[in-house]
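Quick note on numbering: the sequence shown equals residues 1 to 357 in the numbering used here.
Before any comments, here is the structure.
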Amino acid sequence: MSDCKFFIPGPTWVRPEILSEMTKPMIGHRGAEFRDLFTRILANLKPLFGTAQDAFVATCSGTGLMEAALINTASRRVLVTVCGAFSARWFTIAQSLGLEADKIEVPWGQAIDAEELADHLISRRGHYDAVCITHNETSTGVTNDVAALTRTVRDESPDTLVLVDAVSSLGGIDVRFDEWGLDVCLASVQKGLALPPGIAVAAVSAQALARATKIPYRGAYFDFLAFKKHADDGSVPSTPSIPHFYALARQLDDIVQKETLEARFRRHRAMRDAAIVRTAPFATLAADREHASNTVSAFKPLHKTPDEIRAEMKTRGFTLGGGYGEWKESTFRIGHMGDMTLADVNAMLDVLTEVLS
Ligand code: PLP
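This is the structure in structure tokens:
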């Protein structure tokens, strides 16, 4: 058991040994030391994404790479699949870039339906540059079946690219970039990867890079072709947050080599199950159980308000997440992701079940 008492759905608790990596001396980002560091990162980042294609690290939060994904792949129209507040963010960004954006939407708590997506794409075949999908909707605690949704896009609209937000899934839930046929998959590092916020990671397909060559005005900071050129040389286009790169290198070693992905995903499933089963007598899981996320759960309490519960937990030393967006007043959320252990979650649940009752 660690000393984790922090259970919001990101940023997550960070291990002291990761924080201490960030105090290492600076190095230049055009030299051999950085090249070695970056090579070490990519050797683990690619398996984490399940890809043999390109992977990039950008100094920005996840939203920056959502914008980058759209800038580099879309010039006309996109389709956004909306099932909560963060999936709706794709829509807002697309509109802010002057793209025509359509959406298919399901009620909060539900997952996107592949058949509905198929029907929509069939009625507008070849219409979209890209479809935007959110793997794990952090506002509701729902995990979408990205494999099935991507298959649908491939079947019904083969030239349409698939852009996936894995901000709150990567490192906690399996992502299989190549097997599922994704084109851009991005994540922040302050959730399942349990680093302090400040950088973001992405896998990018050859097809997405080919699309970028056809988009003349891709901006400068988020140009994927510049990321590709520099990555091939063991670097990044502009000065990165080097402390985060140290921390990411260490964390990926620990995740991929030491803990292993299989064990990590199993631990996340067990933490999710504990949270759902133990709160069940006192709170309703707000998400459809079949699609309940392994990294975050939203609950509607039966006997007290979410604010009362969070305040009582705070006085007992534990921080829980509040509701988000439409569910701000009616739910509280538990982030069960990153480096916390099942014992940490159970220790928090011992107290929470008292507070809830
Ligand atoms: N997408 C999802 C699913 C999220 O949960 C979040 C943040 O919580 C974001 C996008 C935005 O990420 P960032 O805050 O790193 O920009």
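Glycine included, each C-beta is placed from N, C-alpha and C at the ideal position.
Look at the stretch 248-287 and you find these whole runs of beta strand (DSSP E), each 3 residues long or longer: 283-285. Two segments are said to touch when three or more pairs of C-beta atoms, one from each, lie closer than 8 Å; by this definition the stretch 288-300 does not touch the stretch 50-66. Counting C-beta atoms within 10 angstroms of its own C-beta, Asp350 has fewer than 16 neighbours from the protein chains shown and is therefore classed as exposed.
Taking Asn44 as the centre and dropping the five residues before and after it, the same chain places the C-beta of Leu252, Val256 closer than 6 Å to its C-beta, in chain order. Rounded to the nearest whole angstrom, the C-alpha separation of Phe224 and Trp327 is 35 Å. The nearest non-hydrogen atom of the ligand PLP is less than 7 Å from the C-beta of Thr63.
When rounded, the separation of the alpha-carbon atoms in Ile133 and Asp165 is 6 Å. For Lys314, the enclosing alpha helix (DSSP H) covers residues 306-315. For the stretch 88-162, the continuous alpha helix (DSSP H) assignments of 4+ residues that do not extend past its boundaries occur at 114-123, 146-156, in sequence order. It is roughly 26 Å from the alpha-carbon of Ala111 to the alpha-carbon of Leu342. For Phe6, the CB contacts under 6 Å within the same chain, skipping 5 residues up- and downstream, are Trp13, Thr319 in chain order. Relative to the ligand PLP, Gly10 has its C-beta within less than 7 Å of a heavy atom.
Classified as buried, Gln190 has 16 or more neighbouring CB atoms from the shown chains inside 10 Å of its CB.
Excluding residues up to 5 positions away in sequence, Arg250 lie with their Cβ nearer than 8 Å to the Cβ of Glu17 in the same chain. Pairing Ile27 with Phe38 gives a Cβ-Cβ distance that is not under 8 Å. By the Cβ rule, the stretch 299-307 counts as touching the stretch 278-289, because three or more pairs are nearer than 8 Å. No Cβ-Cβ contact shorter than 8 Å links Gly84 with Val146.
Nearest to Val80 by C-alpha distance, out of Pro25, Met1, Thr160, is Thr160. For Phe299, the uninterrupted beta strand (DSSP E) run begins and ends at 296-301, by DSSP. By alpha-carbon distance to Phe265, the top candidate from Arg89, Thr23, Ile173 is Ile173. Here DSSP, grouped into helix, strand and coil, assigns Phe7 to strand. Only residues of its own chain outside the window of five on either side were considered, and among them Ala212, Arg218, Phe224 have a CB closer than 6 Å to the CB of Asn72, listed in chain order.
Each residue's CA atom was taken as its position, placing Val236 and Ala206 some 18 Å apart. Look at Asp54 here: in three-state DSSP terms it is strand.
Thr138 and Thr315 have their C-alpha atoms roughly 25 Å apart. With a beta-carbon spacing of about 5 Å, Met22 and Ala247 fall inside the 8 Å limit used to define contacts. One Cα belongs to Phe91, the other to Cys4, and the distance between them is close to 35 Å. Per DSSP, Arg333 lies in no alpha helix (DSSP H) segment; the continuous beta strand (DSSP E) that holds it begins and ends at 332-335. Bridge partners of Val201 according to DSSP: Val57, Ala187.
By the 16-neighbour rule on beta-carbons within 10 angstroms, Ala94 is buried. DSSP places Val175 outside both helix and strand once states are collapsed to three, so it counts as coil. Using a 10 angstroms sphere on the CB of Pro306, the tally of other CB atoms reaches 16 or more, which defines it as buried. Here the distance from the Cβ of Phe86 to the nearest heavy atom of the ligand PLP is below 7 Å.
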